[in-house]
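For the sequence shown, our numbering begins at 3 and goes up steadily by one.
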Amino acid sequence: MACTGGVNFFTTIAFTLMPVLVLRELELGPEGMGIIMAVGAVGGLIGAVAAPSFAAWIGGGPSFLWRR
């Protein structure tokens, strides 16, 4: 439980500070922030579409071990 709490805490900090980093330090502006978030969303959609095929191809157990 402490591990999960730590991961949740630091993930929240990272996602809270990411817009500050992108907008202030990298000076990408709102468009850059939108592009970064859109690329992440597209990657998630591709993973969601590919996961069933990958699991059927390699099997449920081994595909579970490949996760990160």
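Every residue gets a Cβ at the ideal spot worked out from N, C-alpha and C, and that includes glycine. The structure presented is a predicted model; accordingly, all values stated were derived computationally and were not measured.
- Counting only the Cα atoms, GLY46 lies some 21 angstroms from ILE15.
- Rounded to whole angstroms, the separation of the alpha carbons of GLY7 and GLY63 is 27 angstroms.
- For the pair VAL24 and LEU30, the CB atoms are nearer than the 7 angstroms cut-off.
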